[in-house]
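Peer 1: Below you will find the structure I want to go over with you.
Residue numbers (my numbering): 7 to 491.
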């Protein structure tokens, strides 16, 4: 039998399980299962138990679709949505629904944490300044708003940590996902005891740090093997965050490409690159990479991308591909508040409407507003302001108008990788590493999963860029005020 590996992408909205030929990287099938997100007024929560059920369902569906013999599976790894806070009791059961990355209730706690140490100190120690998304702010929110729950916590996990522990019975994480907590130091490669003291978080509640996302942290427990229908000896990798896994899938890292930017269009939008340069700017999250070679993954993130634009399409009664360039209209689609720019209490804004403005233009302006925020973040990446091609990934990369909007506003060539499920495939490369195949970035580079069609650059639409910039600059004070009412 050919050796197979499984990469799991446990995202905000669903779980995907990629069944991959370990030798060639050929994607045999992708099983899927949905998640439920609840909450109003800035709250965004999910039941962590549902993530496990979805993982089991997606793996089963993927194996069935591939027609694969489960006995051929040699490794499995999970890439999870970053920053989520999972608190467990002594039996490993969730004490409450997980607080998700796009839960903005912790914005006051993030601001307080920043004020207590100063932005420069946070950047020096963690590479990031706390924002509402970061796990440290969520833990502070939990202690202030649900002190009994925080006091009862016997374990604190990120989403991927929780699932890895369900697979292997081992509490482990990796530098990549840990670097999104604001209690891990990218300067030392370890948890920062001073920050843990500041947060009132005991280090014994945290998982141990594996050297990399591809490190073997154990094998499937008997219970997990039975639930998944896989061999009990299947290797389990430490796994990582979804953005780090996408970077691995693109072949970004010490054993692959450095300082090549990617733009990911999903529920959130991100820009990132693997680099040797340790980032220390408030414009970016200064993450570590998952490859374990001391590389970094500086990343800019917006909360409002494909989901926000689809919502505006629905409000207008349009299909997502009905869009046209916005003309004079400007839409800032900050339906969930925003992280870049840092306006957690903001709401969506439309301006510049005329009698002649068509609904299709309003929808196009929403695309433009989302892409503009990503391109501003891109400028802060090492080499991001250059002319290197942008690798476009995520669900939006399959949308014609998304692709054309990125080309039109960036003025850069765009690469569309042939492999669409890069988070899951990157996780599969981590699984292959845990099963003995070597450096996961080198594995993915050998699979050539980051290669694809290259679209040539077009002249940047300066008029649209300048118009959005002017509106955002004028509206920032209003959007900030809205968040404090």
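Every residue, glycine too, gets a C-beta built ideally from N, C-alpha and C.
1) Could you give the first and the last residue of the continuous alpha helix (DSSP H) run that contains residue 373?
2) Check the DSSP bridge columns for residue 258 and list the partner residues they point to.
3) Name, in chain order, the residues that DSSP records as bridge partners for residue 287.
4) Measuring only between beta-carbons, confirm whether residue 467 sits less than 9 Å from chain C.
5) Determine which residues share a DSSP beta bridge with residue 163 and list them.
6) With DSSP collapsed to three states, give me the class of residue 356.
7) Among residues of its own chain, excluding the 5 on either side of residue 453, which ones have a beta-carbon nearer than 6 Å to its beta-carbon?
8) Do residue 217 and residue 267 come within 9 Å of each other at the CB atom, strictly closer than that value?
9) Just list the residues that DSSP pairs residue 2 with in beta bridges.
10) For residue 479, tell me which candidate among 349, 98, 312 has the shortest Cα-Cα distance.
11) How big is the Cα-Cα spacing for residue 187 and residue 285?
12) Nearest to residue 144 by alpha carbon, out of 15, 98, 205, 393?
13) Can you check whether the CB of residue 104 is closer than 9 Å to the CB of residue 137?
14) At which residues does the alpha helix (DSSP H) containing residue 120 begin and terminate?
15) If you draw a straight line from the alpha carbon of residue 17 to that of residue 248, how long is it in whole angstroms?
16) Which residues share a DSSP beta bridge with residue 51?
17) Under a three-way DSSP split, which group does residue 490 fall into?
18) Have a look at 75, 389, 294 and flag the residue whose alpha-carbon is nearest the alpha-carbon of residue 34.
19) In the DSSP assignment, what are the bridge partners of residue 62?
20) Identify the residues that DSSP records as bridge partners of residue 307: which are they?
21) Could you round the C-beta distance between residue 371 and residue 335 to whole angstroms and report it? I think they count as a contact, below 8 Å.
22) Nearest-angstrom Cα distance between residue 368 and residue 150?
23) So what's residue 100 in DSSP terms, helix, strand or just coil?
24) Please name the residue in 65, 244, 373 whose C-alpha comes closest to that of residue 326.
25) Counting C-beta neighbours from all protein chains within 10 Å, is the total for residue 361 16 or more, i.e. buried, or is it exposed?
26) Going by the DSSP bridge assignment, what does residue 510 pair with across the sheet?
27) State the CB to CB distance for the pair residue 178 and residue 213, rounded to an integer number of angstroms; the pair is presumed to be in contact (CB under 8 Å).
28) For residue 411, does the three-state DSSP call read helix, strand or coil?
Peer 2: Once the coordinates are examined:
1) 365-384
2) 263
3) DSSP output for residue 287 lists no bridge partner at all.
4) This model lacks chain C altogether; it includes just one protein chain.
5) 92
6) strand
7) 31
8) no
9) In this structure the chain extends from 7 to 491, so residue 2 is not present and cannot be described.
10) 349
11) 16 Å
12) 205
13) no
14) 113-123
15) 7 Å
16) 44, 105
17) Reliability fails at residue 490, whose pLDDT of 41 lies under 50, so the model's placement of it is uncertain and the value that follows must be treated cautiously. Residue state, collapsed to three classes: coil.
18) 75
19) DSSP, once it has assigned bridges, lists no residue as partnering residue 62.
20) 276
21) 4 Å
22) 41 Å
23) strand
24) 373
25) exposed
26) No answer is possible for residue 510: the residues shown for the chain start at 7 and end at 491.
27) 5 Å
28) helix
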